[in-house]
Amino acid sequence: MLDTARLLLPTSFPSLRRGRLETLQVNLGYLCNQQCKHCHVNAGPRRTELMSREVMDQVLDFLEQQRIGTLDLTGGAPELNPHFRHLVTAARRLGVRVMDRCNLTVLEEPGQEGLAGFLAQQGVEVVASLPCYLEENVDNQRGDGVFESSIRGLQRLNRLGYGEEGSGLLLNLVYNPQGPSLPPPQCSLEADYREKLGQAYGIRFNQLFTITNMPISRFGSVLLSKGEFHSYMDLLRDSHSQDNLETVMCRNLLSVDWQGYVFDCDFNQMLDMPVAHGRVERPRLTDLMGRDLSGQPIRIGEHCYGCTAGQGSSCGGALADD
1 MLDTARLLLP TSFPSLRRGR LETLQVNLGY LCNQQCKHCH VNAGPRRTEL
51 MSREVMDQVL DFLEQQRIGT LDLTGGAPEL NPHFRHLVTA ARRLGVRVMD
101 RCNLTVLEEP GQEGLAGFLA QQGVEVVASL PCYLEENVDN QRGDGVFESS
151 IRGLQRLNRL GYGEEGSGLL LNLVYNPQGP SLPPPQCSLE ADYREKLGQA
201 YGIRFNQLFT ITNMPISRFG SVLLSKGEFH SYMDLLRDSH SQDNLETVMC
251 RNLLSVDWQG YVFDCDFNQM LDMPVAHGRV ERPRLTDLMG RDLSGQPIRI
301 GEHCYGCTAG QGSSCGGALA DD
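Numbering-wise (UniProt numbering), the sequence shown opens with residue 1 and increments by one.
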């Protein structure tokens, strides 16, 4: 796989500093039942990296000590980690809001038959990947049969109350572009999703998040192999909006990898750019216990333009209104 890391430093991106830590985003491992073209994690069925129970307990200690309000679980398919339910249950006991970045098809994996019910029982917010409302586009990006499985997963979640007003069970969908382009306006695309998925499949959801594809890992490698990397970077730089700098997710988020190493964001994690922390070259979560990171510099690279281009992009969707 072609590596774009060397092309993303040095950078002209503006310097950033941390604000108050509100979200701990934890990657539970790179094992996944899918292998998507746009994946910046390079996750797949053959990956073996999985967070241990020991590191998960460090996550729980950190959440409690730092009084962090949100735990954002990602992967791979985070649910395939054998300790996933332990972490979710313990975090919910602490009163922490838990988000599960679910690819939907994992709900049909052997041994996961009760997963949807568990998520509902724990009040977990589901952030579900569905890069398009058209079968052909989804299967092209994620593999044959993924769209139909994803629709069944959404319908199962709906039957449990997800996406239903007043249920308290939030179901948000995630859109990624098919290739080297920026996402369309989030609000108008959300309206299209509601119409198409509602009419054809009776599906309900709360919000749509549009997320820009990052020029790293698998997607970055595809760009390089097709000779599209530099033109895509030009698009991101030319579309940069200074206003988005105030709300980029790295100001209030900390990313933890499956081994417990800490990064400013999930993208820096994939580029092996650890958070800056004194003389500790590669800090772990345990190194940051009791530390206030407010005001600390954030490590940046050319890929950061992906978060500030156009409407902006974060794990919670667009940063600016249409």
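Glycine included, every Cβ here is placed at the ideal spot set by N, Cα and C.
Just so you know, these numbers come straight off a predicted model, no measurement behind them.
Could you say which of the options lies nearest to residue i if we only look at CA atoms?
{"i": "I211", "options": "I203, V248 and E195", "result": "V248"}
{"i": "residue 388", "options": "D234, R142, V55 and F209", "result": "Residue 388 lies beyond the residue range present for the chain, which begins at 1 and ends at 322; the question has no answer from this structure."}
{"i": "V146", "options": "G278, H303, T23 and N33", "result": "N33"}
{"i": "L104", "options": "L157, R93 and G69", "result": "L157"}
{"i": "R93", "options": "E79, R237, L63 and R152", "result": "L63"}
{"i": "R282", "options": "G317, Y261 and L271", "result": "Y261"}
{"i": "T11", "options": "R299, R284 and A320", "result": "R299"}
{"i": "I68", "options": "L293, C102, R46 and S15", "result": "L293"}
{"i": "S181", "options": "M233, G153 and G161", "result": "M233"}
{"i": "E149", "options": "E108, I203, D238 and L224", "result": "Note on identity: in this sequence residue 149 is Ser, with Glu being the wrong assignment. Looking at the Cα atoms, E108 is the closest of the given residues."}
{"i": "Y162", "options": "L134, G117 and L236", "result": "G117"}
{"i": "S313", "options": "N252, R284, N244 and R17", "result": "N244"}
{"i": "T70", "options": "R53, L253, G44 and E246", "result": "L253"}
{"i": "L250", "options": "D257, D238, N268 and L235", "result": "The sequence as given places Cys at residue 250; Leu does not occur at that position. Measuring from the Cα of C250, the nearest candidate turns out to be N268."}
{"i": "L9", "options": "M273, M289 and D321", "result": "M273"}
{"i": "G168", "options": "L271, T48 and R97", "result": "R97"}
{"i": "V138", "options": "Q178, L197, E113 and K226", "result": "Q178"}
{"i": "T286", "options": "M270, L236, D257 and E113", "result": "D257"}
{"i": "L271", "options": "R237, S221 and D238", "result": "S221"}
{"i": "Q58", "options": "G19, Q35, Q311 and A90", "result": "A90"}
{"i": "H86", "options": "L60, R101 and D238", "result": "L60"}
{"i": "G153", "options": "V106, H83 and L134", "result": "V106"}
{"i": "R46", "options": "S52, Q35 and R159", "result": "Q35"}
{"i": "L27", "options": "C102, P183 and E135", "result": "Inspection of the sequence shows that residue 27 is occupied by Asn rather than by Leu. Selected option, being the one with the closest Cα: C102."}
Residue i and residue j: beta carbons closer than 8 angstroms?
{"i": "Q25", "j": "C315", "result": "yes"}
{"i": "R218", "j": "N81", "result": "no"}
{"i": "L50", "j": "L31", "result": "yes"}
{"i": "V124", "j": "V88", "result": "yes"}
{"i": "G75", "j": "G111", "result": "no"}
{"i": "F205", "j": "N172", "result": "yes"}
{"i": "L73", "j": "M99", "result": "yes"}
{"i": "A318", "j": "Q141", "result": "no"}
{"i": "P215", "j": "T23", "result": "no"}
{"i": "C265", "j": "F13", "result": "no"}
{"i": "H240", "j": "A309", "result": "yes"}
{"i": "Y193", "j": "Q155", "result": "no"}
{"i": "L115", "j": "E79", "result": "yes"}
{"i": "G301", "j": "Q65", "result": "no"}
{"i": "V280", "j": "F263", "result": "no"}
I'd like the span of the beta strand (DSSP E) that includes residue i, first residue to last.
{"i": "T74", "result": "T70 to T74"}
{"i": "Y201", "result": "Careful: Y201 lies outside any beta strand (DSSP E), inside the alpha helix (DSSP H) at Q186 to Y201."}
Pick helix, strand or coil for residue i, following the three-state DSSP scheme.
{"i": "S255", "result": "strand"}
{"i": "Y133", "result": "coil"}
{"i": "F209", "result": "strand"}
{"i": "Q25", "result": "strand"}
{"i": "Y162", "result": "coil"}
{"i": "residue 334", "result": "Summary: the structure shown does not reach residue 334, with the chain confined to residues 1 through 322, and so no result is reported for it."}
{"i": "F13", "result": "coil"}
{"i": "L169", "result": "coil"}
{"i": "H83", "result": "coil"}
{"i": "L94", "result": "coil"}
{"i": "R284", "result": "strand"}
{"i": "L319", "result": "coil"}
{"i": "A128", "result": "strand"}
{"i": "P274", "result": "strand"}
{"i": "V248", "result": "coil"}
{"i": "G153", "result": "helix"}
{"i": "L31", "result": "strand"}
{"i": "V138", "result": "helix"}
{"i": "V146", "result": "helix"}
{"i": "L50", "result": "strand"}
{"i": "V262", "result": "strand"}
{"i": "residue 323", "result": "With the chain represented from 1 up to 322, any question about residue 323 goes unanswered, as that position is not in the structure."}
Starting from residue i, trace the alpha helix (DSSP H) in both directions and tell me its first and last residue.
{"i": "M233", "result": "F229 to D238"}
{"i": "D100", "result": "Note, D100: premise wrong, no alpha helix (DSSP H); beta strand (DSSP E) at R97 to C102."}
{"i": "Y305", "result": "Y305 to T308"}
{"i": "Q65", "result": "R53 to Q66"}
{"i": "V222", "result": "S217 to S225"}
{"i": "A120", "result": "L115 to Q122"}
{"i": "D266", "result": "D266 to M270"}
Taking only heavy atoms of the ligand SAH into account, decide whether any of them is closer than 7 angstroms to the Cβ of residue i.
{"i": "P180", "result": "The ligand SAH is not among the ligands present in this structure, which contains no ligands whatsoever."}
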